[in-house]
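> Mind looking over this structure? Questions follow.
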Amino acid sequence: MNCNHVNPAGYAFCGTCGGALDHARCRCGFVAVAGDVFCGRCGANLAEVAAGVGQSAVNADHRFDLERLMKQAAQERHLESTQKARVTQEDIRKLLAKRRKKF
Amino acid sequence: MEKRKARVLIADDEPHIRSLISFIVTSLGAEVVAEAADGEQALGLYKQHQPDMVLLDINMPKLDGISVLKQIMAINNRTLVVMLTSLNALETVKECIDNGAYNYILKSTTADKLHKAIRETWGEYMAEIRKVSQS
């Protein structure tokens, strides 16, 4: 496409000259504008989609993949619980008393 | 510190932290034999100087402190390694202790408390060494 017309998001072909636009298609079916990093519909990283990394929780028919959503929720819960397990110097002292190596 | 002068290696990628620790260690009567700005350098300097005590940061370029700790323990598991870090995740603390770190000191403390923690660690370590050599 070389007519320099600025096309709106979602256009796969130029509205003026009909030329194919340099676009990225997400696995959910959304066509992103050139230069977009994330999908405007499902939020997937377009570079990862192109490289085949991970999978979106939204299928090509726009339905949610419940199994994948459950997995994502479990991962987020795990991450949250890990992030919450913070210790103070006093906690470390108690932990050392139990676990420290002996010479 | 005890009568015997401890030889200390300091590993931290932040120069101002190294300066502070070096000041504390020197004021305790120990000798700073070397300072490292990354994990690889720390390991190289450890092999070169064989210090009594290593004050080791975790987040460092090239090689992280936990990997350095494991390699030091593989070389000499009686080395006194003290993790000195701002990481306060329980899993990280457990991993360091389980891999032979003698103490784990959080950087998010005052210089006075840091001074006290390093002094007490050295005292406890020497007392334990004496106990083992007497038995």
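These protein sequence lines map, in sequence, to chains A and B.
Mapped onto my numbering, the consecutive letters of the first sequence carry residue numbers 1 to 103.
Mapped onto my numbering, the consecutive letters of the second sequence carry residue numbers 104 to 238.
Glycine residues also receive a C-beta, built at the ideal position from the N, C-alpha and C atoms.
Values in this document were obtained by computation on a predicted structure and should not be read as measured data.
#1: Chain B beta carbons: is any one of them nearer than 9 angstroms to that of R41/A?
#2: Pull out every residue of the region 168–183 of chain B whose Cβ sits closer than 7 angstroms to any Cβ of chain A, in chain order.
#3: Tell me which same chain residues have a C-beta within less than 8 angstroms of the C-beta of E198/B, skipping the five on either side of it?
#4: Taking 9 angstroms as the threshold (beta carbon to beta carbon), is N206/B in contact with chain A?
#5: Excluding the five sequence neighbours on either side, which residues of its own chain have a C-beta within less than 6 angstroms of the C-beta of V196/B, listed in chain order?
#6: On the CB-based measure, 16 or more other CB atoms within 10 Å of its CB, does A47/A come out buried or exposed?
#7: Report all residues from its chain with a CB closer than 7 angstroms to the CB of S211/B; omit the five preceding and five following residues, and keep chain order.
#8: Taking 8 angstroms as the limit between beta carbons, can you name the residues of its chain near F30/A, skipping five residues before and five after?
#9: Quick one: does R99/A have its CB under 9 angstroms from some CB of chain B?
#10: Is the CB of A192/B under 9 angstroms away from at least one CB in chain A?
#11: So if DSSP puts R110/B in a beta bridge, which residue, or which two residues, is it bridged to?
#12: Taking the Cβ atom as the reference point for each residue, do V157/B and V128/B lie within a distance shorter than 9 angstroms?
#13: Pick helix, strand or coil for T129/B, following the three-state DSSP scheme.
Quick look at the numbers:
#1: Taking the first sequence and counting its residues from 1, one reaches residue 41/A at position 41. It does not; no Cβ of chain B falls within 9 angstroms.
#2: From the region 168–183 of chain B, only R181 have a Cβ closer than 7 angstroms to chain A.
#3: Here residue 198/B corresponds to residue number 95 of the second sequence, with the count starting at 1. I169.
#4: As a position in the second sequence, residue 206/B is number 103, starting the count at 1. Yes, N206/B counts as interfacial toward chain A.
#5: Indexing the second sequence from 1 puts residue 196/B at position 93. So the list reads Y207, once near-sequence residues are dropped.
#6: Residue 47/A sits at position 47 when you count from the first residue of the first sequence. Label assigned to A47/A: exposed.
#7: Start at 1 with the first residue of the second sequence, and residue 211/B comes out as number 108. By the criterion of a C-beta distance shorter than 7 angstroms, S211/B is surrounded in its chain by S189, once the five residues flanking it on both sides are discounted.
#8: Looking up residue 30/A in the first sequence gives position 30. Same-chain partners within the cutoff: G10, C39, G40, R41 and C42.
#9: Within the first sequence, residue 99/A is the residue found at index 99, counting from 1. Interface residue, yes.
#10: On the second sequence, residue 192/B is found 89 positions in, with the first residue counted as 1. So, interface residue.
#11: Within the second sequence, the letter at position 7 stands for residue 110/B. Beta-bridge pairing by DSSP links R110/B to E134/B.
#12: Taking the second sequence and counting its residues from 1, the one referred to as residue 157/B is at position 54. Taking the second sequence and counting its residues from 1, the one referred to as residue 128/B is at position 25. Contact annotation: V157/B and V128/B have beta-carbon atoms that are not nearer than 9 angstroms.
#13: Taking the second sequence and counting its residues from 1, one reaches residue 129/B at position 26. Here DSSP, grouped into helix, strand and coil, assigns T129/B to helix.
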